[in-house]
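So the sequences go chain by chain: A and B.
First residue of the first sequence: 62, per our numbering; consecutive thereafter.
First residue of the second sequence: 62, per our numbering; consecutive thereafter.
Backbone N, C-alpha and C fix where the C-beta goes; we use that ideal spot for every residue, glycine too.
Protein chains: 2
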Amino acid sequence: MKIEKAIDEFAKISKILLEKEKKEPVLKYHSVEDYEKLINLSLSNKGCTENEFFKLLKEVSLLTPRTNSKSFFNQLFAGRTGPSLSADLLATLLNTTMHTYKVAGIQVLVEKEITNAFLEKVGYENGEGIMNPGGSLSNLVSMIIARNEKDGRILKEGYGGRKFIVYTSIESHYSVIKNAGMLGLGRNNVRKIQSDYIGRMDATHLEAEIKKDLLEGNVPFYINATAGTTVLGAYDEFNEISRISKKYALWMHIDGALGGSALLSRKHKHLLEGSELSDSFTWNAHKMMNVPVCASFLLVKEKGLLRKHFSEKADYLFQGETEDLDLGSISMQCGRRVDAFKVWAAWKYYGLVGIERRIDHLFELAEYAASCVEQDPMFELFRSPESVNVCFTIAGATPEKVCEYLHKKGLIMVGYSTSEGTTFIRMACINADIEKTDIDHFFKQIKVAVKALRLNKAVLV
Amino acid sequence: MKIEKAIDEFAKISKILLEKEKKEPVLKYHSVEDYEKLINLSLSNKGCTENEFFKLLKEVSLLTPRTNSKSFFNQLFAGRTGPSLSADLLATLLNTTMHTYKVAGIQVLVEKEITNAFLEKVGYENGEGIMNPGGSLSNLVSMIIARNEKDGRILKEGYGGRKFIVYTSIESHYSVIKNAGMLGLGRNNVRKIQSDYIGRMDATHLEAEIKKDLLEGNVPFYINATAGTTVLGAYDEFNEISRISKKYALWMHIDGALGGSALLSRKHKHLLEGSELSDSFTWNAHKMMNVPVCASFLLVKEKGLLRKHFSEKADYLFQGETEDLDLGSISMQCGRRVDAFKVWAAWKYYGLVGIERRIDHLFELAEYAASCVEQDPMFELFRSPESVNVCFTIAGATPEKVCEYLHKKGLIMVGYSTSEGTTFIRMACINADIEKTDIDHFFKQIKVAVKALRLNKAVLV
Chain A
62 MKIEKAIDEF AKISKILLEK EKKEPVLKYH SVEDYEKLIN LSLSNKGCTE NEFFKLLKEV
122 SLLTPRTNSK SFFNQLFAGR TGPSLSADLL ATLLNTTMHT YKVAGIQVLV EKEITNAFLE
182 KVGYENGEGI MNPGGSLSNL VSMIIARNEK DGRILKEGYG GRKFIVYTSI ESHYSVIKNA
242 GMLGLGRNNV RKIQSDYIGR MDATHLEAEI KKDLLEGNVP FYINATAGTT VLGAYDEFNE
302 ISRISKKYAL WMHIDGALGG SALLSRKHKH LLEGSELSDS FTWNAHKMMN VPVCASFLLV
362 KEKGLLRKHF SEKADYLFQG ETEDLDLGSI SMQCGRRVDA FKVWAAWKYY GLVGIERRID
422 HLFELAEYAA SCVEQDPMFE LFRSPESVNV CFTIAGATPE KVCEYLHKKG LIMVGYSTSE
482 GTTFIRMACI NADIEKTDID HFFKQIKVAV KALRLNKAVL V
Chain B
62 MKIEKAIDEF AKISKILLEK EKKEPVLKYH SVEDYEKLIN LSLSNKGCTE NEFFKLLKEV
122 SLLTPRTNSK SFFNQLFAGR TGPSLSADLL ATLLNTTMHT YKVAGIQVLV EKEITNAFLE
182 KVGYENGEGI MNPGGSLSNL VSMIIARNEK DGRILKEGYG GRKFIVYTSI ESHYSVIKNA
242 GMLGLGRNNV RKIQSDYIGR MDATHLEAEI KKDLLEGNVP FYINATAGTT VLGAYDEFNE
302 ISRISKKYAL WMHIDGALGG SALLSRKHKH LLEGSELSDS FTWNAHKMMN VPVCASFLLV
362 KEKGLLRKHF SEKADYLFQG ETEDLDLGSI SMQCGRRVDA FKVWAAWKYY GLVGIERRID
422 HLFELAEYAA SCVEQDPMFE LFRSPESVNV CFTIAGATPE KVCEYLHKKG LIMVGYSTSE
482 GTTFIRMACI NADIEKTDID HFFKQIKVAV KALRLNKAVL V
């Protein structure tokens, strides 16, 4: 098959897909059995003709849930703007990897350019950064550095017998606990710190837990603060957490996967006051910046630590005088996609001012959605949104059932969550192409679901 | 910017890029200063027009090294076939992630289909698998499972004071040592086992080292065997290593990132005899299968272990009855690209028979290249190639200088390596679109380089 043909057919299928996305923004729910009836996914010895192949590719694409449509409020990513999309498509075609300057060339400079722009926004004056495949793994990288910096013997000799303790709020992302399990720190050695009413880590509880661990002979080493919690979108108080981290010589990481992008907005960057006091920072461009997945950055305050803890000799790979440009030697990965290109492209096209406008729009959408909730006696806000997540309950209906109904009927995609014993809808205003009318439509569909569920008593509360 | 416009412009730039790739298969070397003179990568407050933007995108793309051309022999990835490319471009446009069935839908079934096909080829009868962003991280996942299975307390309580030991051959991929450092096992707790003449791990030395560690009270837990070593392309003897792993109750992993795909060839699968005796297996489709980067699979013999060691509660994410289909709960990652689609597409279009033909062709190319080396008094094989890597020395010229010259002049991209004190050219026959005439061209260019270097005595040996 000619590469040119492959690209032409992709372009054709794209147009059909985009039309469908407009007409039927959410794909109706399909069970595994539904899919099995509709399409033959099985792999065989025999291949197929180009016509058969592209027909199949089109069908699978049309049967994939439409996460980019204006009816998707389900997760903390959505949308894909034109400039980023073009760059990401080109990245696919270019098919090079970022581990050496020899094979990545100018793309290394592209990654450095965007990394430096983020470093400046966080407030790290002489920092460094690296892209990772997702926020979970950016958090993992920071935990590795923190642990190795706490005890210089670990990289080469491994852990001794003492317990290394991680502190994170009960509202933080699940990757913090998962990563502690992966790294052999032990999931039980993660202290879950209470949060306050709006979801911020309780500094008093944090300090008390650190003291307790010190008394027990454990090794407190890492505080994970959050900029934009997964459920409520809350921002921890970084100045206060920094004070504690410095007092007890702990590494302070900020998981800004969701909320870090607020640093690009003059209006909202105050939420991140004190970010420059942290030691590392996770920033996902594929969330508030609407860049296609994945585009996650780990930013580190002190230059040299990535090389110190991740570099490993490989003379067949790292050759010549370009050490500083061979990104594989400061990365947890070896080969990896050219993911910086799409982030850089967005900034280049929109300019910082354009990106700021998009991010401010997300906050406005969330504010508008919150006002819709407040004005309707059927709904109640769980908390006033601190950023782009709007969490609300529905009188006389269980959120689980409402979400399931909307999903199965293909009306809207949204999820639910639980905090302090209350289960609520969590609506993510994350796609900046969405307008207020789409928010209106969202609430209308919620009402459709509630009404339908009421008619069928079996699925009521 | 309209999404349709973004796709049209991508298609236009693609055609220019493909033309250039044919006419100038290797990009001339550019230093950082060269790039800085040629292009303005800097990010500013102000955005740009669509015309300016696409001009810039085209320029960056044309200035990126051409890893897909017929002059690229530098690394263990290359090429991108039409069917995989179409699917990967669609994956970019679809922009969903694989963590839940709710947002990924049919793509979950696509990943399961191709994973099952690989499991069957490895010989795991009731196994499971997951995709990871690269072979290094697939190896990491296997090391985590092995460690946790060795000591059931680690996941929750963390390591105690004993040393956990990893065994791998001196010819294995650098990620094994790097991963041990990342996981807190300690790089010094990786025993580097001798290899034999053709690059296979020495089983006698392996067993001796395990015995020594047991005597010292350490905890041997993991053997990394390699199917297709990075430099020589050699295959370890899996039956023999399995015997030792069983005798001492160690986890046996096969890093088949490069060479696992030989299982798809009836002619070459004998190289992997005994693969079914291992406990886990890394398989990169972006190497011998010419799927765009990255497409790495970790296959595990025993179903349930991925969930056991990677699942972590997140009620805002994993909702409802689709637990077995929510791939995030068995993955080291949370959100991730739809990378299975491009692998599945290749198999669907070519059929197993077509893929087999492509893989056999790679082995034939390597054999042909080796014969070119043998017939020319100027060259000498370091070893007869066991798979697709051809390693050879050049009389009177240092490989480093030859590679550098070829790279700087933009003639050919190839790398060098060292084994047992000898430095040689490592040529990777990894792109199945390459023909014997391209191999002839390769050696011609090597001679051009040697001649040029001889004329300039300063850079000679």
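- [ ] Report buried or exposed for residue 505(B), applying the criterion of at least 16 other Cβ atoms within 10 angstroms of its Cβ.
- [x] One-based indexing of the second sequence puts residue 505(B) at position 444. Exposed, because fewer than 16 other Cβ atoms sit within 10 Å of the Cβ of residue 505(B).
Open item on the list: I want to know whether the segment 203-215 of chain A touches the segment 408-420 of chain A - three or more CB-CB distances under 8 Å.
Closed with: no
Task: Continuous beta strand (DSSP E) stretch holding residue 190(B): start and end - done: On the second sequence, position 129 is the one that residue 190(B) refers to. Segment 189-193, the beta strand (DSSP E) holding residue 190(B).
- [ ] Report yes or no: is there a C-beta of chain B within less than 9 Å of the C-beta of residue 370(A)?
- [x] In the first sequence, counting from the first residue as 1, residue 370(A) sits at position 309. Yes, because at least one Cβ of chain B sits closer than 9 Å to the Cβ of residue 370(A).
Open item on the list: Using 8 Å as the cut-off, can you tell me whether the segment 288-295 of chain B makes contact with the segment 253-272 of chain B, which would need three or more C-beta pairs spanning the two stretches below that distance?
Closed with: yes
Open item on the list: Buried or exposed, going by whether 16 or more other CB atoms sit within 10 Å of the CB of residue 63(A)?
Closed with: The sequence position of residue 63(A) within the first sequence is 2, counting from 1. Exposed is the call here.
- [ ] Assign residue 89(A) to one of two classes, buried (16 or more other C-beta atoms within 10 Å of its C-beta) or exposed (fewer than that).
- [x] As a first step, residue 89(A) must be located in the first sequence, where it is residue number 28. Exposed: under 16 other Cβ atoms inside 10 Å.
- [ ] May I ask you to check if the CB of residue 271(B) is nearer than 8 Å to at least one heavy atom of the ligand SAH?
- [x] Here there are no bound small molecules, and the ligand SAH is not part of this structure.
Open item on the list: Three or more C-beta pairs under 8 Å: does that hold for the segment 147-158 of chain A against the segment 348-366 of chain B?
Closed with: yes
Task: Within-9 Å CB hit, residue 114(B) to chain A - done: Locating residue 114(B) in the second sequence gives position 53, where the first residue counts as 1. So yes, residue 114(B) belongs to the interface.
Open item on the list: Relative to the C-alpha of residue 359(A), which candidate in 472(A), 252(A) and 314(A) has its C-alpha closest?
Closed with: Taking the first sequence and counting its residues from 1, one reaches residue 359(A) at position 298. Ranking the options by Cα distance to residue 359(A), first place goes to 314(A).
Task: Top-ranked residue by Cα proximity to residue 118(B), from 194(A), 406(A) and 337(A) - done: Taking the second sequence and counting its residues from 1, one reaches residue 118(B) at position 57. The shortest Cα separation from residue 118(B) among 194(A), 406(A) and 337(A) belongs to 406(A).
- [ ] Look at residue 253(B) and residue 371(A) and say whether their C-beta atoms are less than 9 Å apart.
- [x] Start at 1 with the first residue of the second sequence, and residue 253(B) comes out as number 192. Start at 1 with the first residue of the first sequence, and residue 371(A) comes out as number 310. By the CB criterion at 9 Å, residue 253(B) and residue 371(A) fall outside the cutoff.
Task: Short CB-CB distance (under 9 Å) between residue 63(A) and chain B - done: Walking along the first sequence from the start, residue 63(A) turns up at place 2. It does; some Cβ of chain B falls within 9 Å.
- [ ] Report all residues from its chain with a CB closer than 7 Å to the CB of residue 251(A); omit the five preceding and five following residues, and keep chain order.
- [x] In the first sequence, residue 251(A) corresponds to position 190, counting from 1. Excluding sequence neighbours, residue 251(A) sits near 227, 229, 237, 238 and 241.
Open item on the list: Does the contact criterion of 3 or more C-beta pairs under 8 Å hold for the segment 490-505 of chain A versus the segment 122-138 of chain A?
Closed with: With a cut-off of 8 Å, the segment 122-138 of chain A and the segment 490-505 of chain A count as touching, because enough Cβ pairs lie within range.
Task: Contact residues within the segment 450-470 of chain A, judged by C-beta distance below 9 Å to chain B - done: 461, 464, 465 and 468
Task: Simplified DSSP assignment, three categories, for residue 259(B) - done: Along the second sequence, read from residue 1 onward, the residue named residue 259(B) stands at position 198. Residue state, collapsed to three classes: coil.
- [ ] Excluding the 5 residues preceding and the 5 following residue 404(A) in the sequence, name in chain order all residues of the same chain whose CB lies nearer than 6 Å to its CB.
- [x] Your numbering for residue 404(A) matches position 343 in the first sequence. Excluding sequence neighbours, residue 404(A) sits near 175, 346, 352 and 356.
TODO: Note down the Cα distance separating residue 510(B) from residue 396(A), rounded to an integer number of angstroms.
DONE: Mapped onto the second sequence, residue 510(B) falls at position 449. Mapped onto the first sequence, residue 396(A) falls at position 335. Cα to Cα, residue 510(B) sits roughly 28 Å from residue 396(A).
Task: Among 342(A), 271(A), 104(A) and 323(A), nearest to residue 310(A) - alpha-carbon criterion - done: Start at 1 with the first residue of the first sequence, and residue 310(A) comes out as number 249. Per the Cα distances, 271(A).
Open item on the list: Three or more C-beta pairs under 8 Å: does that hold for the segment 383-394 of chain A against the segment 191-201 of chain A?
Closed with: yes
- [ ] Give the interface partners of residue 409(B) over in chain A, defined as CB-CB distance under 7 Å, in chain order.
- [x] What you label residue 409(B) is simply residue 348 of the second sequence in a count that begins at 1. Per Cβ cutoff of 7 Å: 104, 109, 114 and 117.
Task: Per-residue burial, residue 91(B) [other beta carbons within 10 Å of its own, 16 or more giving buried] - done: Counted from its first residue, the second sequence places residue 91(B) at position 30. Answer is buried; the Cβ neighbour count reaches 16.
Open item on the list: Rounded to whole angstroms, what is the Cα-Cα separation between residue 502(A) and residue 437(A)?
Closed with: As a working note, residue 502(A) is residue 441 in the first sequence. As a working note, residue 437(A) is residue 376 in the first sequence. About 14 Å.
Task: residue 477(B) at chain A interface by Cβ criterion, 9 Å - done: As a first step, residue 477(B) is located in the second sequence; it is residue number 416 there, counting from the start. Output row for residue 477(B): interface = yes.
- [ ] Taking only beta-carbon positions, decide if residue 260(A) is within less than 9 Å of chain B.
- [x] Against the first sequence, residue 260(A) aligns to sequence position 199. It does not; no Cβ of chain B falls within 9 Å.
- [ ] Check residue 314(B) in the structure and name its three-state DSSP category.
- [x] In the second sequence, the residue the question calls residue 314(B) occupies position 253. Strand at residue 314(B).
Task: Any C-beta of chain A under 9 Å from that of residue 521(B) - done: Here residue 521(B) refers to the residue found at position 460 of the second sequence. Reliability fails at residue 521(B), whose pLDDT of 43 lies under 50, so the model's placement of it is uncertain and the value that follows must be treated cautiously. No - not a single Cβ of chain A is within 9 Å of the one on residue 521(B).
- [ ] Select from the segment 219-235 of chain A all residues with a C-beta closer than 9 Å to any C-beta belonging to chain B, and list them in chain order.
- [x] 219, 220, 221, 222, 223, 224, 225, 234 and 235
Task: Minimum Cβ-Cβ distance from residue 395(A) to chain B less than 9 Å - done: What you label residue 395(A) is simply residue 334 of the first sequence in a count that begins at 1. Cβ-Cβ to chain B under 9 Å: yes for residue 395(A).
TODO: Would you mind telling me which residues of chain B sit closer than 8 Å to residue 380(A), beta carbon to beta carbon, in chain order?
DONE: What you label residue 380(A) is simply residue 319 of the first sequence in a count that begins at 1. Correct list: 461, 464, 476 and 477.
Task: The alpha helix (DSSP H) enclosing residue 301(B), as first and last residue numbers - done: Locating residue 301(B) in the second sequence gives position 240, counting from the first residue. Here the alpha helix (DSSP H) through residue 301(B) covers 299-308.
Task: Through-space distance from residue 472(B) to residue 171(B), alpha-carbon basis - done: Counting from one through the second sequence, the residue named residue 171(B) turns up at place 110. Counting from one through the second sequence, the residue named residue 472(B) turns up at place 411. Approximately 40 Å between the Cα atoms of the pair.
Open item on the list: Considering only their Cβ atoms, is the gap separating residue 137(B) from residue 288(B) smaller than 9 Å?
Closed with: Working through the second sequence from its first residue, we reach residue 288(B) at position 227. Working through the second sequence from its first residue, we reach residue 137(B) at position 76. No. Outside cutoff.
Task: CA-to-CA distance, residue 365(A) to residue 411(B), given in whole angstroms - done: What you label residue 411(B) is simply residue 350 of the second sequence in a count that begins at 1. What you label residue 365(A) is simply residue 304 of the first sequence in a count that begins at 1. Their backbone Cα atoms lie some 46 Å apart in a straight line.
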